[in-house]
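Engineer: Please read through the structure below; I'll follow up with questions.
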Amino acid sequence: LETAEKDDNVRVVCVSGAGERIFCSGADLGGGIGTSSGQENLAFKNYAKLITRLASFPKPTLAKINGHCMAGGTGFMLACDIVIAKEDAKFGTPEVNVGLFPMMIGALIFRNVLRKKAMEMILLGEKLTAKEALEMGMITRAVPKEQFEVEVDTVLKIIVSKSPIGLRIGKEAFQGIETMDLEASVDFLSEKLIEVASTQDAVEGITAFFEKRRPEFTGK
Numbered sequence: 007l008e009t010a011e012k013d014d015n016v017r018v019v020c021v022s023g024a025g026e027r028i029f030c031s032g033a034d035l036g037g038g039i040g041t042s043s044g045q046e047n048l049a050f051k052n053y054a055k056l057i058t059r060l061a062s063f064p065k066p067t068l069a070k071i072n073g074h075c076m077a078g079g080t081g082f083m084l085a086c087d088i089v090i091a092k093e094d095a096k097f098g099t100p101e102v103n104v105g106l107f108p109m110m111i112g113a114l115i116f117r118n119v120l121r122k123k124a125m126e127m128i129l130l131g132e133k134l135t136a137k138e139a140l141e142m143g144m145i146t147r148a149v150p151k152e153q154f155e156v157e158v159d160t161v162l163k164i165i166v167s168k169s170p171i172g173l174r175i176g177k178e179a180f181q182g183i184e185t186m187d188l189e190a191s192v193d194f195l196s197e198k199l200i201e202v203a204s205t206q207d208a209v210e211g212i213t214a215f216f217e218k219r220r221p222e223f224t225g226k
């Protein structure tokens with residue numbers, strides 16, 4: 007993520023799991039959970055850093071859910087801006103089934119899912135279909151596996167065609183108002199509008215609109 011942020015050639019970050027069956031199944035239950043070891047505590051803290059870093063990442067992020075997404079994988083997924091999943095993917099927070107609880111990812115769950123549905127998912131620990139995850143607001147699109155790769159590539163190409171600086175300022179704006187009241191939010195967003203409108207890309211975009219051509223954004 008640090009490398010991608012510094013590289014101006016990177017317009018969007020797409021994350022996916024290896025293979026075709028699993029996006030992320032969460033922590034390794036055989037890796038010492040419950041021992042309160044220093045290594046385990048470090049792993050928890052590193053995971054917390056990862057999802058908060060991803061959630062506040064300045065460039066667009068897309069989670070390509072190529073398979074089942076459970077437990078800690080849910081937090082990783084919800085930290086992304088856009089989530090495209092295969093129709094046959096399963097989702098859930100099964101931590102309660104083994105005496106645990108989805109702690110850190112809860113912060114992201116409650117920022118994406120209505121409270122009652124979130125509590126139902128967390129307390130029951132049952133698997134959800136992609137359709138159910140879509141209805142709950144956990145994912146952006148549920149796509150048949152035959153169309154999955156094309157759908158993801160299409161969305162990525164659309165994002166890449168936009169102004170990098172415009173998207174960055176826009177993300178900063180939306181991330182900044184999460185803890186503000188209405189008046190403070192509007193004031194903050196008005197300042198961000200002034201900022202984005204003063205970019206070279208905004209001038210280019212408006213000029214291209216009137217000249218009926220595609221804009222050539224430079225990220226400035």
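Residue numbers (this note's numbering): 7 to 226.
The C-beta atom is built at its ideal place from N, Cα and C for all residues, glycine as well.
Which residues in the same chain as Gly172 place their Cβ atom closer than 6 Å to its Cβ, once the five residues preceding and following it in sequence are excluded?
Structural biologist: Numbered from its first residue, the sequence shown carries residue 172 at position 166. Counting only Cβ-Cβ distances below 6 Å, and skipping sequence neighbours, we find Val202 and Asp207.
Engineer: Roughly how far, in whole angstroms, is the beta-carbon of Ile71 from the beta-carbon of Phe29, given that I think they are within contact range, below 8 Å?
Structural biologist: Taking the sequence shown and counting its residues from 1, the one referred to as residue 71 is at position 65. Taking the sequence shown and counting its residues from 1, the one referred to as residue 29 is at position 23. Right, their Cβ atoms sit about 5 Å apart.
Engineer: Once the 5 residues before and after Leu130 are set aside, which same chain residues still bring their CB inside 7 Å of it?
Structural biologist: Mapped onto the sequence shown, residue 130 falls at position 124. Contacts found: none.
Engineer: Give the single residue among Ala148, Ala33 and Phe97 whose Cα lies nearest to the Cα of Ala124.
Structural biologist: Translated into positions along the sequence shown, residue 124 becomes position 118. When only C-alpha atoms are compared, the closest one is Phe97.
Engineer: Starting from the C-beta of Leu140, find all residues in its chain whose C-beta is less than 6 Å away, skip the five residues before and the five after it, and write them out in chain order.
Structural biologist: For the purposes of this step, residue 140 is taken as residue 134 along the sequence shown, with counting starting at 1. Within the same chain, Leu140 has close Cβ partners Ala148.
Engineer: Can you tell me where the alpha helix (DSSP H) holding Thr9 begins and where it ends?
Structural biologist: On the sequence shown, residue 9 is found 3 positions in, with the first residue counted as 1. Element bounds for Thr9: Glu8 to Lys12.
Engineer: Taking its Cβ as the centre, do 16 or more other Cβ atoms sit within 10 Å of Lys92, making it buried, or is it exposed?
Structural biologist: In the sequence shown, counting from the first residue as 1, residue 92 sits at position 86. Answer is buried; the Cβ neighbour count reaches 16.
Engineer: Let's see if you can read the secondary structure: which residues bound the beta strand (DSSP E) around Gly4?
Structural biologist: Residue 4 lies beyond the stretch modelled for the chain, which goes from 7 to 226, so this question has no answer here.
Engineer: Got a sec? Which residues, its chain only, sit under 8 Å from Val166 by beta carbon, not counting five neighbours each side?
Structural biologist: By 1-based counting over the sequence shown, the position of residue 166 is 160. Cβ neighbours of Val166 beyond the five flanking positions: Arg17 and Val18.
Engineer: Given Ala69, which residues of its chain have a CB within under 6 Å of its CB, disregarding the five upstream and five downstream residues?
Structural biologist: The residue you call residue 69 lines up with position 63 of the sequence shown. Hits under 6 Å: Val21, Met83, Cys86 and Val89.
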